[in-house]
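I have placed the structure first, in the form of structure tokens, so that the comments after it can refer back to it.
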Amino acid sequence: MARQRNITDEQILEQARACFLEHGAGISTTVIAEQLGISHGVLFQRFGTKEQLLRAALLPSPEQPWLERARSGPDDRDVQTQLRELAMEISAHLERMVPCLAVLRSAGVHVDPGVERPEDLPPVRARREVAAWFERAFTRGLLRPVPAEHAADLFLGALHFRPFHQHLSRQRFEPAENRAYVEFAVEVLCRMFAPEAKTR
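End of the sequence shown = 321 in the working numbering, gap-free, step of one.
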């Protein structure tokens, strides 16, 4: 087949990801190969085994795409705008990753992030980087100081709930509704941590 020579690994992974998310890990790799227009043999020449294909298609990168924004902020712009931008990136990442992780676990695939130290696990790194972002915001007087880890947990917890709820309940939220929720959550947090706010 002509497409066997031209199709890229990324195209294979994109189609495999879509199939696994729609049908679960039990879908036959023959079906995936047919949808790609390649032979079953070509699929396994590229990725070896079905588990390797599952991992390549669904396992998230240890370097979460939003971490760079967290590390580089906050800057001199409005703090609510910056926190909203960070929240939108994290929310979009979670919406993509939660279903992928669920399929991997349902297949009995151990989700090994490939790190040696517990402090390098993706959730631990995420919490650390967000806490550092809040600490810098507190130091600069952009927000009222509170324990940075508490602020990070509140922020990340608010963002994690809806992707997990959406997956477990199979209740889809419209993109506009998700955006409105993220904006609401950030507004509430910024009001709570506003510099003029008084602790009771």
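We treat Cβ as the ideally placed atom computed from N, Cα and C, and that holds for glycine.
Would you tell me roughly how many angstroms separate the C-alpha atoms of Leu264 and Glu206, rounded to the nearest one?
Answer to the nearest angstrom: the Cα atoms are 16 Å apart.
Taking all protein chains shown into account, decide if Arg124 is buried (16 or more other Cβ within 10 angstroms of its Cβ) or exposed.
The pLDDT assigned to Arg124 is 46, lower than 50, so where the model puts this residue is not dependable; a value taken from the coordinates is nonetheless given after this. The residue in question, Arg124, is exposed, as its Cβ has fewer than 16 Cβ neighbours within 10 Å.
Can you tell me whether Leu263 is helix, strand or coil according to DSSP?
DSSP places Leu263 in coil when its eight states are reduced to three.
Report the rounded CA-to-CA distance for Gln136 versus Thr151, giving the unit in angstroms.
Each residue's alpha carbon lies about 13 Å from the other.
Could you pull the start and end residues of the alpha helix (DSSP H) that Arg226 belongs to?
Note, Arg226: alpha helix (DSSP H), Val200 to Ser227.
Pick from Ala272, Cys140, Arg198 and Val245: whose alpha carbon is nearest that of Lys171?
It is Cys140.
Would you mind stating whether Gly169 and Val224 have Cβ atoms separated by less than 8 Å?
It is not a contact, given that the beta carbons lie outside the stated cut-off.
Which two residues bound the contiguous alpha helix (DSSP H) that contains Ser149?
Element bounds for Ser149: n/a, residue is neither H nor E.
For Glu230 versus Arg167, is the C-beta distance shorter than 8 Å?
Looking at the sequence provided, one finds Val at residue 230 rather than Glu. It is not a contact, given that the beta carbons lie outside the stated cut-off.
For a test of the three-state rule: what should DSSP assign to Arg248, helix, strand or coil?
The answer is helix: DSSP assigns Arg248 an H, G or I state.
Roughly how many angstroms lie between the CA atoms of Pro266 and His286, to the nearest whole one?
Cα to Cα, Pro266 sits roughly 31 Å from His286.
Round the Cβ separation of Gln201 and Val309 to the nearest angstrom and send it over; I've been treating them as touching at under 8 Å.
Going by Cβ atoms, the distance from Gln201 to Val309 rounds to 11 Å, so no, they are not a contact pair.
Quick one: give me the first and last residue of the alpha helix (DSSP H) that Glu189 is part of.
Here the alpha helix (DSSP H) through Glu189 covers Leu188 to Ser193.
For Val303, does the three-state DSSP call read helix, strand or coil?
If DSSP states are grouped into helix, strand and coil, Val303 belongs with the helices.
Closest to Ala247 by C-alpha separation, out of Ser290, Glu189, Ala297 and Ala154, would be which residue?
The shortest Cα separation from Ala247 among Ser290, Glu189, Ala297 and Ala154 belongs to Glu189.
In the structure shown, what three-state DSSP assignment does Leu310 receive?
DSSP places Leu310 in helix when its eight states are reduced to three.
Would you call the CB atoms of Pro284 and Pro243 closer than 8 Å?
No, these two residues do not count as a Cβ contact at 8 Å.
Using the beta-carbon count (16 or more within 10 Å), is Ala301 buried or exposed?
It is exposed - the Cβ of Ala301 has fewer than 16 other Cβ atoms within 10 Å.
Between the Cα of Glu131 and those of Glu143, Phe259, Leu157 and Glu298, spot the shortest distance and give me the residue it belongs to.
Among Glu143, Phe259, Leu157 and Glu298, the Cα nearest to that of Glu131 is on Leu157.
Is the distance from the Cβ of Val251 to the Cβ of Phe282 below 8 Å?
Going by C-beta atoms, Val251 is not nearer than 8 Å to Phe282.
Pull up the distance between the alpha-carbon of Leu142 and that of Arg293, whole angstroms please.
Roughly 14 Å between the two C-alpha positions.
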